[in-house]
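> First the structure, which I've put down as structure tokens, then a few questions once you've had a look.
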Amino acid sequence: MMAKQILRINLPVLAIALLLCLVNVAWAQHQTFIQAINPQDIPSTQEVREYVTRLKRNPDLAAYYFIKLNPLASSQQDGVLQLDIPGRNRPVRAEVSHVEYYSDTEYEWIGKTDEDRGTVIVISKRGKVSAHISTPEGVYEILPAPSGMHCLHVIDPRVADDVGCATTSSDGKDHVNERIAADQVPQSGNQNAKLWPCQEVPTPRILVLYTPKALALVSSPAELASYADLSLAQFKSAIYNSGISSVAIPTIVGLAPINFVEDHNSLKDDILKLCTDPAAKNLRNQYQADLVIMYTDGMYGNGLARGASKTQTLKSDSSYSIVELWCTTSRKTFAHELGHLYGCRHDEDDSAQPTYAKGYNIKNGLGIVTDRTLMVAKNISDNQAQTRLLNFSNPNIQVSGRATGTANENNALRVSQSASIIAGFRPNPPPHPVAYVDGPTYVTSPGIKSYEVSYSCGVGSYSIVWDYSYDGVNYLASNITSDVFTWPFYQNQKIWLRATVSSGGLSVSAFISITAQMPSPYKTGNKAAIEQEGEDFIISPNPSAGNIAINYQLNVDADVSLEVLDHSRNVAATIQNSEMQHKGWHSKQWNSAQLSSGTYIIRLVKSGIATTQQILIAR
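Numbered by mature numbering (1 follows the signal peptide of the UniProt record, and there is no 0), the letters in the sequence shown go through residues -28 to -1, 1 to 591 in order.
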């Protein structure tokens, strides 16, 4: 009797110890994404010294730090990435809004901060990681540095203004007749692909040029490529944030040098010269580019003029922009000038055609500007509006509870209308395989939902592989190779699906994220609604390949059973038949070897009240 009493007293202690162990293991697996490097550990090489010399020429830098970046997959947790920035009092906490994760070296992660007023972009292209961190409190950039390091740039908001756009409205009226009709789009490829014949979906194509003086600001064309990749990611983020179809997202088709000598007295004269430059025209034809953006150095107007575009009226022969390299991402200048090439205007442009193609200043109830959309040109001195949002004006999208546009300021509509026109400036090459996933992205009731991948433009037979993730980064393989993937939703959660379609030696991945929010994830007969999972019901390890420990607490003596449910809510295994158990912590061991790999639900029933936990069995 004494032994039994002692056992009851110690069970909660053992359970708490187990919980602490689990927590410690979880934290041990978590890494800080940004890890500062001690100054004494920075290599004193000629390459590093030359890199620092170039950094000090950048007038926009308030400070810089050499850092190490840990893998994104182990740094983010459940779609949340915390950034500990040197010299900043509190970390930046970003929650994922869009992610395309192909591998540990090829991905794009976009998150939001500060009630959607800030954006964090982390991309890895060709194994090179770069990042842009824009918050109401400051702007930071991370770019590759010598000796395997990265460098964190702290952008000085006090230097000049963050627009410096020399684009004007003097290039004529809209050439709306350049739109290509849908029936004029050429068709090619495998006509037997799923759901629709191979029909090219034209998207704008950009050629990025760079002058010798722009190259002199960095160490190599590879560093310029990192700037270009991050520039495009900013524009894509603005597309996503503004509710614009992804068809409007352009691609960079080339990065090429051009022997162009800048006239630092006039950015406008240089943009005119670029439009007629024979080398620029030949390169544009060679890459079949619809748009051309040229990187230059940072000397126009002593750094006050940051970029210019020749057209805002969708004219093919005028679709050229110049962007100073130092400002391309730190001031969002590339995205701003690209917006002009899509027909977007500044906020104060009363000559805008169409009239709604204007930027927008977001104001509070007192009429004070709190935020600016991407195409706003005026310099705002108020600290709250020092940086522009990666948003095109749109009356249907809100940030911090305020609309980002009006019926008279709607650049999102302008971008949507312009994309197909721009994509028709140059002929597009034969398309690669394309795919997309269709299915509900917001689930409000329990049950099984289906997601279907559609594809075309492949050669020969198609093969499909489905993966799924709880954070959009760490994917788990499934055994589904058909066109349709099903997922059971019984609780609040967020799930990412990735379908990889292969054909003729080429592969393409399509992504979809699903948010499930439901008030009653599960019910047992006429009993009360299921309790939400909590600290009194612990399953580990999860995922599991074999033995699973199930720990739960009873607040009162109760009749208890444990079952495993499959996707169809059928009982796949019985862990424990109904039996009376005393108040306190209990532990049960179960071996999952009898079940195939997949996602299951472990159901704990206490006196008729069911609580569930999801478990992944992966072998």
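Here a beta-carbon is modelled for each residue, glycine too, at the ideal position from N, C-alpha and C.
Measuring straight from C-alpha to C-alpha, what distance separates residue 500 and residue 526?
Legend: pLDDT at residue 500 = 33, less than 50; position of this residue unreliable, value from coordinates given subsequently. Rounded to whole angstroms, the separation of the alpha carbons of residue 526 and residue 500 is 17 angstroms.
> In chain order, what residues of the same chain lie with their CB nearer than 7 angstroms to the CB of residue 324, ignoring the 5 residues before and after it?
317, 330
> Does the segment 544 to 557 come into contact with the segment 519 to 534, if we say contact requires no fewer than three beta-carbon pairs (one atom in each stretch) closer than 8 angstroms?
yes
> Go ahead and label residue 26 buried or exposed: buried means 16 or more other beta carbons lie within 10 angstroms of its beta carbon, across all protein chains shown.
exposed
> Taking residue 229 as part of the beta strand (DSSP E), name the residues at either end of that continuous run.
223 to 229
> Could you pull out every residue in the same chain whose Cβ sits closer than 6 angstroms to the Cβ of residue 203, ignoring the five residues on either side in sequence?
300, 301, 306
> Among 508, 581, 528, 407, whose alpha-carbon lies nearest the alpha-carbon of residue 559?
508
> From the DSSP output, read off the bridge partner residues of residue 592.
There is no way to answer for residue 592, as the model of the chain reaches only from -28 to 591.
> Just verifying my parser: in three-state terms, what is the DSSP assignment at residue 563?
Of the three classes helix, strand and coil, the one that applies to residue 563 here is strand, per DSSP.
> Kindly give me the distance between the Cβ atoms of residue 427 and residue 407, rounded to whole angstroms, as I take these residues to be in contact under 8 angstroms.
4 angstroms
> Can you tell me whether residue 70 is buried or exposed, with buried defined as 16 or more other CB within 10 angstroms of its CB?
buried
> Would you check if there are 3 or more beta carbon pairs closer than 8 angstroms linking the segment 191 to 207 to the segment 270 to 288?
no
> Residue 176 to residue 115, Cα distance in whole Å?
26 angstroms
> Go to residue 247, then tell me how far its alpha helix (DSSP H) extends in each direction, as first and last residue.
239 to 248
> Alpha carbon to alpha carbon, how far is residue 208 from residue 160? Give it in angstroms, no decimals.
Residue placement at residue 160 cannot be trusted, given a pLDDT of 36 that sits under 50; the coordinates are not used to answer.
> What number of angstroms, rounded off, separates the C-alpha of residue -3 from the C-alpha of residue 256?
For residue -3, the predicted model reports a pLDDT of 40, less than 50, meaning its position is unreliable; a value from the coordinates is still stated below. Here the alpha carbons of residue 256 and residue -3 stand approximately 51 angstroms from one another.
> Report yes if the C-beta distance between residue 391 and residue 219 is below 8 angstroms; otherwise report no.
Result yes, Cβ atoms of residue 391 and residue 219 sit closer than 8 angstroms.
> Are there 16 or more other CB atoms within 10 angstroms of the CB of residue 174, so buried, or fewer, so exposed?
Residue 174 comes out buried.
> Going by DSSP, what residue range makes up the beta strand (DSSP E) through residue 305?
No beta strand (DSSP E) contains residue 305, which is instead part of the alpha helix (DSSP H) from 305 to 313.
> For residue 399 and residue 31, what's the separation of their Cα atoms in angstroms?
40 angstroms
> Smallest Cα separation from residue 433: which of 451, 479, 445, 467?
479
> Determine the direct distance from the alpha carbon of residue 38 to that of residue 121, and round the result to whole angstroms.
7 angstroms
> Using DSSP bridges, identify the partner residues of residue 116.
As a beta-bridge residue in DSSP terms, residue 116 pairs with 122.
> Strictly by DSSP, which residues pair up with residue 427?
The partner list for residue 427 (beta bridge, DSSP) reads 407.
> Kindly indicate which three-state DSSP category residue 364 falls into: helix, strand or coil?
coil
> Assuming residue 321 and residue 348 are in contact, meaning their beta carbons sit under 8 angstroms apart, how far apart are those beta carbons, in whole angstroms?
The distance from the Cβ of residue 321 to that of residue 348 is about 11 angstroms, inconsistent with a contact at the 8 angstroms cut-off.
> The beta strand (DSSP E) spanning residue 195 covers which residue range?
Run containing residue 195: none in the beta strand (DSSP E); it sits in the alpha helix (DSSP H), 193 to 213.
> Express the C-alpha separation of residue 339 and residue 381 in angstroms, rounding to a whole number.
17 angstroms
> With a CB to CB cut of under 8 angstroms and the five nearest residues on each side skipped, what residues in its chain are close to residue 230?
181, 182, 183, 249, 251, 252, 255, 266
> Can you give me the C-alpha to C-alpha distance between residue 578 and residue 555, rounded to a whole angstrom?
The straight-line gap from Cα to Cα measures roughly 11 angstroms.
> Short of 7 angstroms in beta carbon distance, which residues of its chain neighbour residue 54, apart from the five on each side in sequence? Order them along the chain.
63, 65.
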